[in-house]
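So the sequences go chain by chain: A and B. Going by my numbering, the first sequence opens with residue 1, and the numbers climb by one from there. Going by my numbering, the second sequence opens with residue 1001, and the numbers climb by one from there.
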Amino acid sequence: DENPKEAPATTPYNLSQYFKQFLFPQNECELHNFRLSFSQLKWDRWIIAPHRYSPQYCKGDCPRVVGHRYGSAVHTMVQNIIYEKLDSSVPKPSCVPAEYSPLSVLTIEPDGSIVYKEYEDMIATKCTCR
Amino acid sequence: PHSRGRVASEETSGLLVAPEDTSSELNPLWWLPKGVRRGYALLPPLLKVLSERGPQHWDSEVPRLQPDSRALRYMKRLYKMSATKEGIPKANKSHLYNTVRLFTPCSECKHRHGDLGKGDIHSVDLLFNLDRVTALEHLLKSVLLYSFDTSVPISSSITCMCHLSIKEHDFSSPVCPSVSHSVAFSLHFQVRKRKWVEIDVTSFLQPLIATNRRDIHMAVNVTCLMGEPQRNTDLESPINMALVPPSLLLYLNDTSEQAYHRWNSLRHRRKGPGRPRQRPAPLLDPTGDKENSQGTRASRRRR
């Protein structure tokens, strides 16, 4: 806003894109889709179901002041301050999964028996910084 | 036993190391009591493979016996009923199990059956090996699962008399096993498109499985006739039914940390101050059938 006259000469559509980058910071911590099939891992001989598995993953920068958006604990901000002010060998907070959902798997055991089992924490559903 | 603390999970994840090198103190497993190390050996294959180092482990050629195609079909159907298309356990609160195991009788015993499939009396000698059931998998329900082929038209009534007995091998006479306890009961059902009959043997097997018996030897006599005993109709001539030796289905609750604990997550979702904690009704059928069977029974009565 030093030179308001020099605002970029853009079409209205680009303008909304232009302003959006301030509302939604780019490359910040968020959940990313990732889908694999057990045949890629050559496990489909003994994993009968599901055929596909979407574990997802978290990736992105953690903002300096991690606020309510990530539900991060206060400790996350303290760690940020330690990194910036006291000891930069202490890592910045990382973008990690915060919540998961389970996965049901049907497999053939080595003895030929068949097992249906529900596993905890197999699909990331939400990310946080900490 | 289920702690969500990250630190705890770091410790447990330290458990997830290939057992091969437990000989050196460097492997944290070495410090564990032998029983716990054995527990690792019985980790579900999925987690063992996930824990093994390096891709060359991932396509380990562990020889696997191929299951019976009928059994596989049954378990695929159970999977569809219990999980969504994405593979997430369905949120219906009625089933308590988080593990279901299906065992087919060991092949050696089958040879002893000889003329199975002729006439109406089926006597089979079954030996199930339950080594895959871990100490943390607690039995909720056990079912003998019959699949039968018959020319009997669908929706006709069949009554079967079953005699079940458990055989004990004691050292004094290894050749002739003695019968420890037996039970006789009748089963009445209507022939449906999917020709499965489930015989609930929970109370019969519970004492054995609770004492960590892993080899279950039983003899099953089944006689099936057409008709319904309640209606005093003369039970008609025996049915020529080809009965395949039944599989054994165990509904289990795995209390290990890796298993999904439905009640924990439901409680989380319902977490709110002041909301009374809800416990599953103890009489709730672990497979959720009773609710259905109530409904089914009512509709059957109506029919």
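The beta carbon of each residue, even a glycine, is placed where N, CA and C say it ideally should be.
Own chain partners of residue i with C-beta closer than 8 Å, once the 5 adjacent residues on each side are dropped
i	result
residue 1112 (chain B)	In this prediction, residue 1112 (chain B) has a pLDDT of 42, which is less than 50 and means its spatial position is unreliable; what the coordinates show is noted afterwards. Excluding residues within five positions, the ones whose Cβ falls inside 8 Å are 1125.
residue 114 (chain A)	48, 106, 107, 108
residue 124 (chain A)	31, 55, 56, 57, 58, 97, 99, 100
residue 1192 (chain B)	1154, 1155
residue 89 (chain A)	none
residue 82 (chain A)	90
residue 1115 (chain B)	Reliability of the predicted coordinates at residue 1115 (chain B) is poor, the pLDDT of 43 falling under 50, and the value obtained from them is presented with this limitation in mind. Around residue 1115 (chain B): no qualifying Cβ.
Range of the contiguous alpha helix (DSSP H) that encloses residue i
i	result
residue 1077 (chain B)	1069-1082
residue 80 (chain A)	74-81
residue 1203 (chain B)	1202-1210
Interface flag, residue i vs chain A, CB-CB below 8 Å
i	result
residue 1101 (chain B)	yes
residue 1261 (chain B)	yes
residue 1135 (chain B)	no
residue 1272 (chain B)	Confidence is the limiting factor: at residue 1272 (chain B) the pLDDT is only 46, short of 50, which leaves the residue's position unreliable and the question unanswerable from this model.
residue 1076 (chain B)	yes
residue 974 (chain B)	Lying before the first or after the last residue shown, residue 974 (chain B) is absent from chain B, which here runs from 1001 to 1303.
residue 1246 (chain B)	no
residue 1040 (chain B)	Because residue 1040 (chain B) carries a pLDDT of 49, less than 50, the predicted location of this residue cannot be relied on, and the following value inherits that uncertainty. It does not; no Cβ of chain A falls within 8 Å.
residue 1083 (chain B)	yes
residue 1105 (chain B)	no
residue 1086 (chain B)	yes
residue 1065 (chain B)	yes
residue 1219 (chain B)	no
residue 1079 (chain B)	yes
residue 1098 (chain B)	yes
residue 1089 (chain B)	yes
residue 1210 (chain B)	no
residue 1184 (chain B)	no
residue 1132 (chain B)	yes
residue 983 (chain B)	The first residue shown for chain B is 1001 and the last is 1303, placing residue 983 (chain B) beyond what the model contains.
residue 1187 (chain B)	no
residue 1215 (chain B)	no
residue 1046 (chain B)	yes
Whole-Å CB distance - residue i paired with residue j, under 8 Å assumed
i	j	result
residue 91 (chain A)	residue 80 (chain A)	So it is not a contact: roughly 10 Å between Cβ atoms.
residue 1358 (chain B)	residue 1259 (chain B)	Since the first residue shown for chain B is 1001 and the last is 1303, residue 1358 (chain B) is missing from the structure and cannot be characterised.
residue 59 (chain A)	residue 95 (chain A)	6 Å
residue 1065 (chain B)	residue 111 (chain A)	6 Å
residue 1159 (chain B)	residue 1078 (chain B)	That belief does not hold up - the Cβ atoms of residue 1159 (chain B) and residue 1078 (chain B) are roughly 27 Å apart, past 8 Å.
residue 1165 (chain B)	residue 1182 (chain B)	3 Å
residue 1143 (chain B)	residue 1200 (chain B)	6 Å
residue 1216 (chain B)	residue 1128 (chain B)	5 Å
residue 1076 (chain B)	residue 1083 (chain B)	At roughly 11 Å, the Cβ-Cβ gap does not stay under 8 Å, so residue 1076 (chain B) and residue 1083 (chain B) are not in contact.
residue 1097 (chain B)	residue 1145 (chain B)	Not really, about 15 Å apart at Cβ, beyond 8 Å.
residue 38 (chain A)	residue 51 (chain A)	7 Å
Minimum Cβ-Cβ distance from residue i to chain B less than 8 Å
i	result
residue 117 (chain A)	yes
residue 83 (chain A)	no
residue 28 (chain A)	no
residue 1 (chain A)	Only weak support is given to the placement of residue 1 (chain A): the predicted model assigns it a pLDDT of 47, under 50, and the question is left unresolved by the model.
residue 106 (chain A)	yes
residue 87 (chain A)	no
residue 49 (chain A)	yes
residue 103 (chain A)	yes
residue 112 (chain A)	yes
residue 57 (chain A)	no
residue 54 (chain A)	yes
Residues of its chain near residue i, where Cβ-Cβ distance is below 7 Å and the 5 sequence neighbours each way are ignored
i	result
residue 119 (chain A)	102, 103, 105
residue 1071 (chain B)	1102, 1104, 1247
residue 1282 (chain B)	Summary for residue 1282 (chain B): the model assigns pLDDT 42, below 50, so the residue's position carries little reliability, and this model does not support an answer.
residue 64 (chain A)	80
residue 29 (chain A)	58, 60, 61, 62, 70, 95, 127, 129
residue 1138 (chain B)	1252, 1253, 1255
residue 1163 (chain B)	1182, 1184, 1221
residue 27 (chain A)	60, 61
residue 1109 (chain B)	At residue 1109 (chain B), the pLDDT of 48 sits below 50, so the modelled position is not reliable; the number obtained from the coordinates is stated separately. If we look at residue 1109 (chain B) and ignore the five residues flanking it on each side, its Cβ neighbours are 1125, 1126, 1127.
Beta-carbon contacts of residue i that lie in its chain and below 6 Å, excluding the five residues immediately before and after
i	result
residue 48 (chain A)	106
residue 1135 (chain B)	none
residue 1190 (chain B)	1155, 1157
residue 1161 (chain B)	1186, 1223
residue 1180 (chain B)	1166, 1168
residue 121 (chain A)	100
residue 53 (chain A)	36
residue 1244 (chain B)	1147
Delimiting residues of the beta strand (DSSP E) encompassing residue i
i	result
residue 103 (chain A)	95-108
residue 1324 (chain B)	A query on residue 1324 (chain B) cannot be resolved here, the shown segment of chain B reaching from 1001 to 1303 and no further.
residue 1168 (chain B)	1157-1168
residue 126 (chain A)	114-129
residue 49 (chain A)	47-49
residue 1253 (chain B)	1247-1254
residue 1222 (chain B)	1215-1226
residue 58 (chain A)	57-59
residue 30 (chain A)	30-32
Does the region 1190-1207 of chain B come into contact with the region 1252-1259 of chain B, if we say contact requires no fewer than three beta-carbon pairs (one atom in each stretch) closer than 8 Å? A contact is defined here as three or more CB-CB pairs under 8 Å, and the region 1190-1207 of chain B fails this definition with respect to the region 1252-1259 of chain B.
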